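Enquirer: Please find one structure pasted underneath; my questions will follow.
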Amino acid sequence: NGETSPTVSMAELDHLAHVVSKSHLETCQYLREELQQMNCQNFLQDEVESYQKKPREVMWQLCALKITEAIQYVVEFAKRINGFMDLCQNDQIVLLKAGSLEVVFIRMCRVFDSHNNTIYFDRKFAGPDVFKALGCDDLITSVFDFAKNMSSLHLTEEELALFSAFVLLSADRSWLQDKLQVEKLQQKTQLALQHVLQKNQREDGVLNKLRCKVSALRSLCSQHTEKLSAFRAIYPDIVRTHFPPLYKELFG
Amino acid sequence: LKEKHKILHQLLQNSTS
Chain X
1 NGETSPTVSM AELDHLAHVV SKSHLETCQY LREELQQMNC QNFLQDEVES YQKKPREVMW
61 QLCALKITEA IQYVVEFAKR INGFMDLCQN DQIVLLKAGS LEVVFIRMCR VFDSHNNTIY
121 FDRKFAGPDV FKALGCDDLI TSVFDFAKNM SSLHLTEEEL ALFSAFVLLS ADRSWLQDKL
181 QVEKLQQKTQ LALQHVLQKN QREDGVLNKL RCKVSALRSL CSQHTEKLSA FRAIYPDIVR
241 THFPPLYKEL FG
Chain P
1001 LKEKHKILHQ LLQNSTS
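As you go down the protein sequences, you meet chains X and P in turn.
Okay, so the first sequence: first residue is 1 according to this note's numbering, each after it adds one.
Okay, so the second sequence: first residue is 1001 according to this note's numbering, each after it adds one.
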């Protein structure tokens, strides 16, 4: 009869799915059409070698810059999710500090070319070998594996948008002041995601697969934090003077 | 937390362009 559960109607789920999907498309940094036009231009071998020859700190600084650019789009995405701006400012900061990089990793599957195992980076598509100078091969492998797994689900933009919002609105983040309000928002987002997956006749296991992605995302973020502190131990001045301020604020 | 995250706080305050 159109009632999904006493608190949330089908119409409300459709509305939420529409708003989140629109927010995602407005802030996704790269539209799929743009990406298709770029026809997966891979870096040439000499370009790959020039990245590999960069000093470690220079490559780190470049990657920190690219991550920070992507995070700024995620902040804009969050601001457009209805309910997010009604949260107290403390909780908005907590959710973005913990979740913005996770959404960046989710969004990476949109710019991942599974045929060549390459990812859009610095104007072309780069394989893991481009990032050798970072000295974080295990993290890079995990990032590429995650992008490959996510892209193998072939999620629509609407499904990706709702999953991104679901991850961002994690009620289990520490330091939340109004956990209950975040929980309510996350539950509604999950219901909207389930509703869209059913509407798109996705097979049942997709939601469970997406739930498993949440722990993979947490592990990617802690790997990133470990690598950053190891790097900063060797190059404290580089981080302080050359890394983007927002990056230092979030991960410092 | 707001004190330690001035940039993020500012981004959140900016109107959604």
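By construction, the Cβ of each residue, glycine as well, lies at the ideal position given by its N, Cα and C atoms.
These numbers come from a predicted model, not from an experiment.
Quick one: what does DSSP say Y30 (chain X) is sitting in, helix, strand or coil?
Expert: In this structure, Y30 (chain X) counts as coil in the three-state DSSP scheme.
Enquirer: According to DSSP, simplified to helix, strand and coil, what is F254 (chain X)?
Expert: Outside the displayed range of chain X (1 to 252) lies residue 254 (chain X), so it cannot be described from this structure.
Enquirer: Taking only beta-carbon positions, decide if L246 (chain X) is within less than 8 Å of chain P.
Expert: Closer than 8 Å to some Cβ of chain P, the Cβ of L246 (chain X) qualifies, so yes.
Enquirer: Along the chain, where does the alpha helix (DSSP H) containing F166 (chain X) start, and where does it finish?
Expert: It spans 157-168 - the alpha helix (DSSP H) in which F166 (chain X) sits, taken as one unbroken run.
Enquirer: Closer than 9 Å by beta-carbon distance: list the chain P residues that pair up with L96 (chain X), in chain order.
Expert: Neighbours of L96 (chain X) on chain P, chain order: H1005, L1008, L1011, L1012.
Enquirer: Does the segment 150-160 of chain X come into contact with the segment 51-67 of chain X, if we say contact requires no fewer than three beta-carbon pairs (one atom in each stretch) closer than 8 Å?
Expert: Flag = no, the segment 150-160 of chain X and the segment 51-67 of chain X do not touch.
Enquirer: Pick helix, strand or coil for D138 (chain X), following the three-state DSSP scheme.
Expert: If DSSP states are grouped into helix, strand and coil, D138 (chain X) belongs with the helices.
Enquirer: Any beta-carbon of chain P closer than 8 Å to the one on N90 (chain X)?
Expert: Yes, its Cβ sits closer than 8 Å to a Cβ of chain P.
Enquirer: Quick check on this structure: which residue in X:D178, X:C221, X:L134 has the alpha carbon closest to the alpha carbon of Y51 (chain X)?
Expert: Closest by alpha carbon: X:L134.
Enquirer: Using a Cβ distance threshold of 8 Å, determine whether the segment 98-108 of chain X contacts the segment 208-223 of chain X, with at least three qualifying pairs required.
Expert: Output reads yes: the segment 208-223 of chain X touches the segment 98-108 of chain X.
Enquirer: Quick check: the Cα distance between I81 (chain X) and H24 (chain X), rounded to an integer number of angstroms?
Expert: So the two alpha carbons sit approximately 9 Å from each other.
Enquirer: Taking K124 (chain X) and N42 (chain X) to be in contact with their CB atoms under 8 Å, please state how far apart those CB atoms are, rounded to whole angstroms.
Expert: The pair is a contact, with the Cβ atoms about 6 Å apart (cut-off 8 Å).
Enquirer: Which residues in the same chain as K97 (chain X) place their Cβ atom closer than 6 Å to its Cβ, once the five residues preceding and following it in sequence are excluded?
Expert: So the list reads L250, once near-sequence residues are dropped.
Enquirer: In chain P, what lies closer than 8 Å to R56 (chain X) by C-beta?
Expert: Neighbours of R56 (chain X) on chain P: none; closest Cβ ~26 Å, over 8 Å.
Enquirer: Any heavy atom of the ligand SAH closer than 7 Å to the beta-carbon of E203 (chain X)?
Expert: In the structure shown, the ligand SAH is absent, as is every other ligand, since no ligand is present at all.
Enquirer: Alpha carbon to alpha carbon, how far is S219 (chain X) from Y73 (chain X)?
Expert: If you take the alpha carbons of S219 (chain X) and Y73 (chain X), they lie about 22 Å apart.
Enquirer: With distances taken between CB atoms, is the gap from D91 (chain X) to V182 (chain X) smaller than 8 Å?
Expert: Yes. Within cutoff.
Enquirer: Give the straight-line distance between the Cα atoms of D204 (chain X) and S21 (chain X), rounded to the nearest whole angstrom.
Expert: Cα-Cα distance, rounded: 22 Å.
Enquirer: Suppose only complete runs of 3+ residues qualify. What are the beta strand (DSSP E) ranges in the segment 110-154 of chain X, listed by chain order?
Expert: Qualifying beta strand (DSSP E) stretches, in chain order: 118-121, 124-126.
Enquirer: Quick check: the Cα distance between Q29 (chain X) and C221 (chain X), rounded to an integer number of angstroms?
Expert: About 21 Å.
Enquirer: What's the call for A11 (chain X), buried or exposed, on a 16-neighbour Cβ count within 10 Å?
Expert: Classification of A11 (chain X): exposed, given that the 10 Å Cβ count is below 16.
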